[in-house]
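In this note's numbering, the protein residues as written are 374 to 495. Written below as structure tokens is the structure these notes are about.
Here's what the structure looks like:
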């Protein structure tokens, strides 16, 4: 199986969510990371990194870009078929950041839930 790396850089969270939703529905891909980018003039960009088989990633990026352009602006997109082994180091960093962010959100939700339970007891 030949793997590929797909990248979509969208302006704004809503645009990025639309891109990822369409990409995920279009093909069997895996989200490997996201990164918030503060650009010129304070514009917030979101870079989405996906992986999967070459054809799936190409289809997913195309669908993601099309959907995102209906909602906002796509700054750039790219598919790298069969990325070099050195790219794996970067992908591992993205995956770690994604896991760390997911853990933070889950911990915050648990804390808020516990706080609500405690306030009801009082």
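No residue lacks a Cβ here, since even glycine has one placed at the ideal position from N, Cα and C.
Cut-off 7 Å between Cβ atoms - residues of its own chain near residue i, not counting five sequence neighbours on either side
i: residue 411; result: 417
8 Å Cβ shell around residue i - same chain, five flanking residues per side excluded
i: residue 460; result: 378 and 453
i: residue 455; result: 375, 376, 377 and 427
Cβ-Cβ separation, residue j to residue i (assumed contact under 8 Å), whole Å
i: residue 432; j: residue 391; result: Not confirmed; about 16 Å, so no contact.
i: residue 383; j: residue 436; result: The Cβ separation is near 13 Å, so there is no contact.
Top-ranked residue by Cα proximity to residue i, from the options
i: residue 375; options: 443, 382 and 425; result: 425
i: residue 405; options: 449, 414, 439 and 473; result: 473
i: residue 466; options: 439, 481 and 408; result: 408
i: residue 422; options: 487, 480 and 464; result: 464
i: residue 328; options: 476, 481, 494 and 419; result: Nothing can be reported for residue 328, as the shown portion of the chain is limited to 374 through 495.
Beta-carbon contacts of residue i that lie in its chain and below 6 Å, excluding the five residues immediately before and after
i: residue 446; result: 384
Within 8 Å, strictly: CB atoms of residue i and residue j
i: residue 402; j: residue 428; result: no
i: residue 381; j: residue 492; result: no
i: residue 389; j: residue 439; result: no
i: residue 387; j: residue 444; result: yes
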